[in-house]
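Residue numbers (the working numbering), protein chains in the order written: chain A, 1 to 288; chain B, 289 to 576; chain C, 577 to 864; chain D, 865 to 1152.
4 protein chains.
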Amino acid sequence: MKKFIFCSLLGVILCAAAAAQPLKKSEIITDTVQSTILGEEVPVNVFLPAGFDKDGGRQYPVIYLLHGLYGTNVDWATTGHMKNVVDELIASGELRDVVILMPCAGHNDIRNVQNGYFNMPGRSYEDFFFQELVPTLEKRYHIIGDKQHRAIMGLSMGGGGSTVYSQRHPDMFSSCYSMSGWLDEDEQPEDAPKDKLYIVRKSVHEHSAIAFVENADEETVAKLKTVKWFFDCGDDDYLLKRSVDIHFKMNEKGIKNELRVRDGWHSWEYWHTALRLALPFASRNFDK
Amino acid sequence: MKKFIFCSLLGVILCAAAAAQPLKKSEIITDTVQSTILGEEVPVNVFLPAGFDKDGGRQYPVIYLLHGLYGTNVDWATTGHMKNVVDELIASGELRDVVILMPCAGHNDIRNVQNGYFNMPGRSYEDFFFQELVPTLEKRYHIIGDKQHRAIMGLSMGGGGSTVYSQRHPDMFSSCYSMSGWLDEDEQPEDAPKDKLYIVRKSVHEHSAIAFVENADEETVAKLKTVKWFFDCGDDDYLLKRSVDIHFKMNEKGIKNELRVRDGWHSWEYWHTALRLALPFASRNFDK
Amino acid sequence: MKKFIFCSLLGVILCAAAAAQPLKKSEIITDTVQSTILGEEVPVNVFLPAGFDKDGGRQYPVIYLLHGLYGTNVDWATTGHMKNVVDELIASGELRDVVILMPCAGHNDIRNVQNGYFNMPGRSYEDFFFQELVPTLEKRYHIIGDKQHRAIMGLSMGGGGSTVYSQRHPDMFSSCYSMSGWLDEDEQPEDAPKDKLYIVRKSVHEHSAIAFVENADEETVAKLKTVKWFFDCGDDDYLLKRSVDIHFKMNEKGIKNELRVRDGWHSWEYWHTALRLALPFASRNFDK
Amino acid sequence: MKKFIFCSLLGVILCAAAAAQPLKKSEIITDTVQSTILGEEVPVNVFLPAGFDKDGGRQYPVIYLLHGLYGTNVDWATTGHMKNVVDELIASGELRDVVILMPCAGHNDIRNVQNGYFNMPGRSYEDFFFQELVPTLEKRYHIIGDKQHRAIMGLSMGGGGSTVYSQRHPDMFSSCYSMSGWLDEDEQPEDAPKDKLYIVRKSVHEHSAIAFVENADEETVAKLKTVKWFFDCGDDDYLLKRSVDIHFKMNEKGIKNELRVRDGWHSWEYWHTALRLALPFASRNFDK
C-alpha cells in the first residue's frame, strides 16, 4: 500500500495517513513507483496543489521537474525550495493548479552508483520513465495526460534529460525548459577511469541534444516545432556553451526557441530563480 | 467605407487602402466609430496582430486600453510605444494574439472640451462606450465577444475608467488592470471655476471606484469576485493613496486583488513598463 | 578566546580553528558577544567576504541584518539562504565587499522568553546593541565604523528594529531597509495575557516608527533626511498598512523614502528576494 | 558662441538662451563641436542633470552614449527616450548625477554619407573623438575627466564603438556596456558595391573587438582587466553570436565580463530597457 510522507518547509519529515479530504494547503509528499524494469522502488517527490483530492474527480496538468547529477528526488523540495515559489505563483495566477512530479534518477555517490536519465548498461531508466513512471503516476494523481497539459523541466543533467525526452517524445510535452542544461558532453580520454560517472558522461555524449537537432530530418524538425523550447543558463556557468549551441542549431533549422543568459553560475540560487520563469512558461503553454 | 490609417513607429502617418490579405506584421491603425449618442465620429487606435485578416474567420480576444486626462486615442501608440512591448510579448508567448482597442475619450484642452469616461451633462460617453463603441468594433474586428476573452486597462483617468466600467459590468470583463488609477476625487471647493475640468473631477468623485466597493452589497461583491483586479501605482505618484485604498477596501470585502507599488511617478515611463505586467495578466486570465 | 563556528548551507555546524589566512571563499561563521548588560553570551552570525583576513589591515563597511519574531541569529543563513544572494551580488559588483552581522534578538518560544530589539523590563537589548554589540564586533571585524559605511536592514520585527534604530541614531546609519516591517502595533486589549509576547507587542506600540515620524520636530526631521529609507512589503502581507503609513507620513514631512509593494506575503520567499533590492541599495549608499 | 537647443520629449525643438542659473530640472540640449579634423561642426545631444550650472564649480562624471548605424545624435533622446529612464534612476539613487554625451557619428543615408566610429578614408572620426570631442566637451561641461569617472556605452555600431574605444583606451574608461554590439563583421564578397556602407562594414571587420581580445598579449590583457565589461544582446538578435563570442574569448584570457541575453531583438525596446541595467552598472563602477 502506498504511504504518503509529508515534507514540511523545515525539512522535517512527518508520516501521515493518506488524506481523506481535499488539501487545504499545497503539500509536497514523497511517494514511490515500483519498477519491474529497474528492479527497485523509485522515490518521487510530488507537489500537490491546495484543493487536491486523491479521491476526487478533478484532473490536473503535470510538470516533470528533474534534478541534476549528485541529486535525488528531494533536491527541489529541500535545497531548491520550489514550494515557496510555486505557492506564490499559483496565488498570483502566473501558474495554474498543477501537479509537479520530481522523480529520483540519481544518487550522491556518482562514481559507484549509476545515475542518469538515459538507458545504460544494466539500468534502463528511460524505459522505466516512459513505460512505468509516467503511466503509474499520471493515473495515481489524476493527470489529464495529453501533450497539451504536460511539461518537463530540469537543472543541469535534468535539463539535458528534459530536452532529450522532449526531442524523442515531442508528442508528449507541450513545453521544455532547460536550466543550465547538460546538453552534450565531449568524448572522454581513453585513460579515464571506467566508473559509473564515465558511463553517465558517455551517455550524455551519445544522446547529445545538440547532435539530435543537427541530425534531424524534415519530419523530425516538424515535430520539434510542436514543442515550446526554453534554454536558460548563467553567464558564469561552465555549461553555458551548450545552451548557446543548441539555440543557434535550432535557429538554423527554423525551430523557435527562447534563450536567456542571466547573472550567475551552476548554483541553486540560479535554479531557484529560474522557477519564476520556467513555471509560468509551462503554464501559459498548457491548453486550458 | 472604412479607411485604414497606418501609424508607423516614427509617428509618420500614411494612408493606405484596406489590407486585402492577412497582415504579415502587426499594425496600429486609426479607425473611427460614428456615434449617434455623442453626435460625432470618435477616433480609435487599433492594434492588429500579425495574421489578422479583416475578411477572415479567425476570432480574437480583445483588450481595451484607455488613455488619461489630456490624452487621446493616439497616446498609447505614440508616447506610450505600446507596439514595441506588444510585439515582443506576443513573440515570446507572454501575450496571446489579441486585438487592442484604444478609443478617444479626451482632448488636450481639458478646461474647454469635455473629457472623461462617465456620462456628463451633454456628453454620455459611458452610454456611447457600451451601446455603440463595443458592439461596433467587436463586430468589425472579429472579437470573440464574451467576458472570458475581454480585458480592460488604462492609465490615470483611464485606470479609473477601467475599474468603474468593470465594477458596473463584471459580466463583461475577465480582468481589469489600473495603472496610477484616478479612482476617486475629493469634493471640490465651492469657489472652483465651473469649467469642463470641474465637471470631469466631479464625475470621478461621484463615480468613485472606492466608494463602489465600500457600498457593494453581498450580491455585488459576488459579481466583483468574478473579475481579476490589478492595481499598479508608483511610489512617488500623487495618486498612490487611491490604489492603496481600493486594495484595502477590496480585501475587507474578500475580493482578491493584486497591488504593486513600483519605483516611479505619474509618467509614461511608468505606464510603458506597466504594459509588461498588464498584458500578460490580461492574457493569462483569458480562456483559451 | 573567540571561537569560529562555520555554518554550512545545509545547517550543519562544524567547528574549526580561526583562519590564519585570508579567506579564499566567503563564509558564514557563528560568533558570540559577551554582554554585561544582558548578562549572557549573545550569538551572532557573521558573513565574511572572500579575502577577509582577521589579522589583516583592510577595513570593511558593515550591514546589520536583523531577524524577525520567532527568529534567531541563524535564520538568515539557513532559511533565508542569504549567502547565495550575497555571493552572486558581490561577484557581479552590485554589492561591495562587506561584513554582514546577524545578531540574535530572539527565541522561538516567544511567550516565555523575552524577544525584541527595544529595552524591556529586565532586558535592555537596545542598550546592549549600541553599547556592547556594535563596538565589540566592529573592532573584531575591522569595520570602518562611520555612518557612511554602515547600513541596517531586517524583516518584520527586524524591519521595525532597523527603522527605529535608524531614527534614534541617524548619525550612525547611511541607509535603512525595512522588509515587511513591524513598524507599529495597536494597543492590546486589557484582558490579553501578560506574557513575554505581550511585552514585545507593547514595546512595538510604544516605540512606533510611525509615531516617531509624526512627532518629529524640525531638527529631528533634518536628521532623518540624512538617512536613505526603503520600505518593502508584500501586497498580501498583513503588515502592509504599516509600510504604507510610514511612507505617507515621511512624505508629509518631506523625508524622501522608497516604497515597494511586490507580490507576496509574510514569507521567506519575499525576504530572500528582497535581498536583491536591499543589498545593492545599502551598497550604493555607502561612500567609497 | 554656443547655442543651446532644448529638445523636448515630444521631439519639438525650441531655441533658448543659455541658462544663467542651475537647472531646476534635468534637460537634454543639442550642442556642437567644431572639428578641424573632420572639417565640420558635429552635433551632440547632452543630458544635464538637475542642479547643473554651466557657470558653477561642481564637477561631474560622464557617460558617452553612442547611437547605431542609420542613427544620429538625437536618437537616444527621441526614439530611445533615455531621459525618462535617466530621471527615474537618478531619483531612486541607482544612477549618480552625471552628464551624458550623445555625439553624432552617423547619418541615415548610409550608402552615400560616411558613418562609423573608426578612422576611414577621408574621415578620421576616432581621431576627432579622442583629440577634439572629448577634451572640448569635458571642459565645457565640467567633467571630472579621469578613468574612474568616465564610462562608455552604445547600441549596435555604438556597442562596437564603445568596446573598441575601451580596448584601445583602457586608461580612459572605468566601464563599457555594449548593447546588441556590432563587435565584428565578416569579410564582404568581392562583388559587393563599394559604397560608404561597404567602407563602414570593412572598418568593423578590420577593427574587430573579438580579434582584439584574441590577439591581446599579456600586457594588453592586464590593461583590459582594468575595465568593467558588460555585453547585453537579445536572444532573437541577428548579432547575438558576436556578444557570445567576445564573452568566451574574454573568459579564455581571464578577463572578467558580464553577459546577458534577454528576450528581444535588434530593437529600441531592447535598448530602452537596457538602460536600466547599463546606467546603474556605469554608476557603481565610478569612484565616488
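From the three backbone atoms N, C-alpha and C, an ideal C-beta is built for every residue, glycine too.
| Asked | Found |
| --- | --- |
| Aspartate 575 (chain B) at chain D interface by Cβ criterion, 9 Å | no |
| Three-state class that DSSP yields for tyrosine 1134 (chain D) in the structure shown | helix |
| Residues that glutamate 904 (chain D) bridges to, as DSSP identifies them | D:Ser899 |
| Valine 350 (chain B) to lysine 511 (chain B) span [Cα, whole Å] | 21 Å |
| Neighbour list for glutamate 258 (chain A) in chain D, Cβ cutoff strictly below 8 Å | Asp1099, Asp1127 |
| Closest by C-alpha distance to glycine 51 (chain A), when choosing among A:Ala91, A:Asn119, A:Gly160, A:Gly159 | A:Ala91 |
| Pick from C:Val609, C:Thr655, C:Arg716 that is closest to histidine 643 (chain C), judged by C-alpha positions | C:Thr655 |
| Sufficient close CB pairs (3 or more, under 8 Å) joining the stretch 181 to 188 of chain A to the stretch 196 to 209 of chain A | yes |
| Pairwise C-alpha distance: valine 227 (chain A) and aspartate 813 (chain C) | 38 Å |
| is_contact[histidine 81 (chain A), chain C] using C-beta, thresh 9 Å | yes |
| CB contact check: phenylalanine 1095 (chain D) to chain C, cutoff 9 Å | no |
| Contact set between valine 661 (chain C) and chain A, taken where Cβ atoms lie within less than 7 Å | Glu269 |
| 7 Å Cβ shell around asparagine 983 (chain D) - same chain, five flanking residues per side excluded | Tyr989, Glu990, Asp991 |
| Closer than 9 Å to chain B by CB, histidine 823 (chain C) | yes |
| Under 9 Å between C-beta atoms of asparagine 400 (chain B) and threonine 360 (chain B) | no |
| In DSSP terms, what asparagine 833 (chain C) is bridged to | C:Trp805 |
| Span of the beta strand (DSSP E), counted from its first residue to its last, around alanine 439 (chain B) | 438 to 443 |
| Expected contact under 8 Å - CB spacing of aspartate 341 (chain B) and proline 310 (chain B) to nearest Å | 4 Å |
| Reduced DSSP category for glutamate 1054 (chain D) - H, G, I as helix; E, B as strand; rest coil | coil |
| Top-ranked residue by Cα proximity to valine 221 (chain A), from A:Phe129, A:Glu138, A:Gln167 | A:Gln167 |
| Contact list for serine 92 (chain A) against chain C, beta-carbon separation under 8 Å | Asp839 |
| Beta carbon of tyrosine 640 (chain C) nearer than 9 Å to that of alanine 768 (chain C) | no |
| C-beta neighbour in chain D for serine 859 (chain C), strict 9 Å | yes |
| Beta-carbon gap between arginine 777 (chain C) and cysteine 809 (chain C) smaller than 9 Å | no |
| In chain order, each alpha helix (DSSP H) run of at least 4 residues that lies wholly inside the stretch 403 to 458 of chain B | 413 to 416, 422 to 428, 445 to 456 |
| At least three beta-carbon pairs within less than 8 Å, the stretch 371 to 389 of chain B to the stretch 450 to 465 of chain B | no |
| Helix, strand or coil at glutamate 88 (chain A) according to DSSP, with G and I counted as helix | helix |
| Coarse secondary structure for asparagine 791 (chain C), derived from DSSP in three states | helix |
| Cβ shell of phenylalanine 806 (chain C) (< 6 Å), same chain only, five flanking positions each side left out | Tyr753, Glu834, Phe857 |
| Spatial distance of lysine 484 (chain B) from isoleucine 398 (chain B) (CA atoms) | 6 Å |
| Simplified DSSP state of proline 856 (chain C), which is helix, strand or coil | helix |
| Histidine 560 (chain B) at chain D interface by Cβ criterion, 9 Å | yes |
| Residue from D:Gly1025, D:Gly1018, D:Pro999 whose Cα sits closest to the Cα of aspartate 1010 (chain D) | D:Pro999 |
| Assigned secondary structure, tyrosine 358 (chain B) (DSSP; H/G/I helix, E/B strand, else coil) | coil |
| Closest Cα partner of aspartate 217 (chain A) within the set A:Val244, A:Glu252, A:Glu190, A:Asp287 | A:Glu252 |
| Beta-carbon spacing of leucine 421 (chain B), valine 330 (chain B) below 9 Å | yes |
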